[in-house]
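Protein chains in written order, with the numbering used here: chain A, -11 to 132; chain B, 3 to 429. Where is the CB? At the ideal position from N, CA and C, for every residue including glycine. Treat the numbers as computed from the prediction; the structure is a model and nothing was measured. Each remark here refers to the structure printed beneath this line.
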Amino acid sequence: MIIKQIAVFLENRPGKLAEVLGVLSKQDINLRAMSVADTADFGILRLVVNDPDKAVQVLRDASFAVKTTSVLGIKVSDKPGGLLDELKKLNAAGINIEYVYAFAASSVHDARVVLKVDDLEKAEQVLYSPDRVGDPADGPNFYW
Amino acid sequence: METMNRDEMIALQGLRLQETAQRVYRQVPFYRNKMQELGLLPEDISGIGDIGKLPFITKQDMRDNYPYGLFAVPLSEIVRIHASSGTTGKPTVVGYTKRDIGLWSEVMARSLTYAGASKQSCIQVAYGYGLFTGGLGAHYGAEMVGASVIPASSGNTARQILLMKDFGTTVLCCTPSYALYIAETIYEMGLDPRKDLSLKAGIFGAEPWSERMRKEIEDRLYIKAIDIYGLSEIIGPGVACECECQDGLHISEDHFYPEIVNPLTGEVLPDGEKGELVLTTISKEGMPMVRYRTRDLTALNRSVCSCGRTFVRMGKVLGRSDDMLIIRGVNVFPSQVESVLLSLGETSPHYQLIVDREDNLDKLTVLVELTEDMFSDEVRGLEGLEHKIQGALAGILQVSAKVRLVGPKSIERSEGKAKRVIDNRKI
Chain A
-11 MIIKQIAVFL ENRPGKLAEV LGVLSKQDIN LRAMSVADTA DFGILRLVVN DPDKAVQVLR
49 DASFAVKTTS VLGIKVSDKP GGLLDELKKL NAAGINIEYV YAFAASSVHD ARVVLKVDDL
109 EKAEQVLYSP DRVGDPADGP NFYW
Chain B
3 METMNRDEMI ALQGLRLQET AQRVYRQVPF YRNKMQELGL LPEDISGIGD IGKLPFITKQ
63 DMRDNYPYGL FAVPLSEIVR IHASSGTTGK PTVVGYTKRD IGLWSEVMAR SLTYAGASKQ
123 SCIQVAYGYG LFTGGLGAHY GAEMVGASVI PASSGNTARQ ILLMKDFGTT VLCCTPSYAL
183 YIAETIYEMG LDPRKDLSLK AGIFGAEPWS ERMRKEIEDR LYIKAIDIYG LSEIIGPGVA
243 CECECQDGLH ISEDHFYPEI VNPLTGEVLP DGEKGELVLT TISKEGMPMV RYRTRDLTAL
303 NRSVCSCGRT FVRMGKVLGR SDDMLIIRGV NVFPSQVESV LLSLGETSPH YQLIVDREDN
363 LDKLTVLVEL TEDMFSDEVR GLEGLEHKIQ GALAGILQVS AKVRLVGPKS IERSEGKAKR
423 VIDNRKI
């Protein structure tokens, strides 16, 4: 399913990540997944949280540059080649993956993965063929 | 000329000021309008004592008359055009007639002679050649002295040192910070200036420097380090230069008449008082400047120097009355950075310039506050933005700057106004 990711600009200075996490924890926002892309000067923190709209608001109020991006959240079987099967489908459809990171484990049977792709709608169609309707990842439960 | 007595000098300056007032009134609409506003005619100027009647001209006026509006001769009479950075996007343009180039060579030759240069000297010019007046100005003066000139231009330090060593350079012309950098490189290359080089003197300018830097340069290169002053608006290097006494810079006052004014009120201050230097070119043809506000802070001393010269002396420049920075000899205004950011449209006007001096080289970093419009969740998006700003800045500033994006509201604001410049250099 298409989910909202929050990207936060981080200056490359000690304590910056902790500052963001502090703001979120104070507002009872729970992290589901995160990744940091970094360069020598700055980092981009990407987050999936249980309440994206509230997270954006509180981070803005705390003077962070924030951007929401639609990304794809998928569940894959927690077995060798589980993610590979999904990527093959995207590849076959000519969809380019810009970045990817994994979710915190939520069950022993499957893993969750966040994908930023160049053609979101098409990627979703490719991965969620009609026979996969009812995937638990489709429900609001996805953010658990 | 250099030892002319005061009365003769005043008479000469008076005559030349009268001619200049006539010329600008007739030839330059800007001056004519300004003088008419004050009800002033060229005939009202009967001596140098009347200079205070004339209005000031500023860098902003140069910008308003870009590019050729202040030329007092047709373009066909102009043989050279130089430009320096203006306060915003557009450069400041200056034009020289053939006679102006001769006059410039003469004042520059005087300066080199003050430092001890002669026909026997081998002068290496390590100022940049190009639109910047440093390189060509020093070059023409050195040729007029009759010295052997090495037009090395700036940069490529290892080659500079090779030339110095193999060609037997005796006089070096460059910025003082570059002189220190050269000195450092000489030692890194395992050379000893006393054994391997023939340097005797250096003429350093285009940026302010302290007595501490002078001592360091002299101790490391075993030379006499002479301070030279100039600005392209007036002519370029050679407006004033120290003699061997190193006690103030002799202004070539037969061509450039100096005044010191209160930078806030414009009121003329007596000799010895610190204020803003105002210069009037009294013999230039192409682009005469009448009472140009240099924004450089200094004081004048009209006593006769121990070298015997009577030319008035200005103290080492103490600072600026505006926010101009000099980075690697190049003038940089914070407003230039602002105009670049605004022209790119997508960036915030919140920025800060940080200047450091590492290994005697100036480093400029521009912090730009990120807005959400500029923010991208992809690294290449932000890096692309940094490169785009960097490229645009390099084009306007003519000195490279590193751009660093910072978070919203992270630039310190004092009384609601952002602090534009942090200069960490210890000069």
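Cβ-based neighbour list, residue i, same chain, cut-off 8 Å, excluding 5 preceding and 5 following
i      : result
A:G3   : none
A:V121 : Annotation note: pLDDT 48 at A:V121 (below 50); position unreliable, no value reported.
B:I103 : V81, R82 and Y142
A:I17  : V37, N38, D39, K42, A43 and V46
Three-way DSSP call (helix, strand, coil) for residue i in this model
i      : result
B:Q392 : helix
B:R297 : strand
B:S234 : coil
B:H141 : helix
A:A125 : For A:A125, the pLDDT reaches just 47, beneath the cut-off of 50, and the residue's location in the model is therefore unreliable, although a value from the coordinates is still provided. Note: A:A125 maps to helix in three-state DSSP.
B:D221 : helix
B:Q248 : coil
B:A242 : strand
B:F32  : helix
B:T94  : strand
B:V342 : helix
B:M166 : helix
A:V114 : helix
A:P2   : coil
B:D198 : helix
A:L108 : helix
B:L56  : coil
B:Y27  : helix
B:G130 : coil
B:D364 : strand
A:S58  : strand
B:S107 : helix
B:T135 : helix
A:L33  : strand
B:V81  : strand
Within chain B, partners of residue i - CB distance below 9 Å
i     : result
A:A80 : Neighbours of A:A80 on chain B: none; closest Cβ ~24 Å, over 9 Å.
A:I85 : Within chain B, no residue comes near A:I85; the closest Cβ sits about 12 Å away, beyond 9 Å.
Residues that residue i contacts on chain A, provided the C-beta gap is smaller than 9 Å
i      : result
B:D358 : Near B:D358 there are no residues of chain A at all, since even the closest Cβ is about 15 Å away, more than 9 Å.
B:V368 : What B:V368 touches in chain A: nothing, since even the nearest Cβ is about 12 Å away.
Nearest-angstrom beta carbon gap, residue j and residue i [assumed within contact, 8 Å]
i      : j       : result
B:L355 : B:G409  : In fact, because the Cβ distance is near 18 Å, the residues do not count as touching under 8 Å.
B:D325 : B:V263  : In fact, because the Cβ distance is near 19 Å, the residues do not count as touching under 8 Å.
B:V241 : B:F258  : 5 Å
B:I225 : B:K202  : 6 Å
B:Q15  : B:I47   : Contact doesn't hold; Cβ gap of about 11 Å is too wide.
A:V102 : A:Y116  : Contact doesn't hold; Cβ gap of about 15 Å is too wide.
A:E112 : A:I(-6) : In fact, because the Cβ distance is near 20 Å, the residues do not count as touching under 8 Å.
B:R101 : B:E287  : 6 Å
B:I328 : B:E209  : 4 Å
Cβ-based neighbour list, residue i, same chain, cut-off 6 Å, excluding 5 preceding and 5 following
i      : result
B:I83  : G97
A:Y87  : K104
B:S107 : Y142, G143 and M146
B:M215 : P178
B:R359 : R427
B:V95  : P69 and A85
A:D123 : Because A:D123 carries a pLDDT of 49, less than 50, the predicted location of this residue cannot be relied on, and the following value inherits that uncertainty. Around A:D123: no qualifying Cβ.
B:D298 : L279 and V319
A:P128 : Here the model assigns A:P128 a pLDDT of 40, short of 50, so the residue's position is not dependable, and the following value carries that caveat. Hits under 6 Å: none found.
B:Y116 : C243 and C245
B:S150 : C124
Neighbour list for residue i in chain A, Cβ cutoff strictly below 7 Å
i      : result
B:L346 : What B:L346 touches in chain A: nothing, since even the nearest Cβ is about 17 Å away.
B:E385 : T27
B:V408 : E(-1)
B:K411 : S51
Chain B residues whose Cβ lies nearer than 8 Å to that of residue i
i     : result
A:F91 : Within chain B, no residue comes near A:F91; the closest Cβ sits about 17 Å away, beyond 8 Å.
A:R34 : D379
Under 8 Å by beta carbon: chain A residues contacting residue i
i      : result
B:L372 : F(-3) and A53
Contact set for residue i: own chain, Cβ-Cβ below 7 Å, skip 5 residues either direction
i      : result
B:R311 : E4, T5, C245 and H252
B:V292 : T22, V26, Y33, L56, I59 and T282
B:F169 : C124 and I152
B:A140 : M110, V127, Y129, C175 and P239
B:A185 : I219, R222 and L223
Heavy atom of the ligand HEM within 7 Å of residue i beta-carbon
i      : result
B:L138 : Absence of the ligand HEM from the depicted structure is noted, as is the absence of any ligand whatsoever, leaving it without description.
Inset, instruction - Please confirm if the stretch 50 to 57 of chain A is in contact with the stretch 13 to 23 of chain A, defined as three or more CB-CB distances below 8 Å between the two stretches. - result: no
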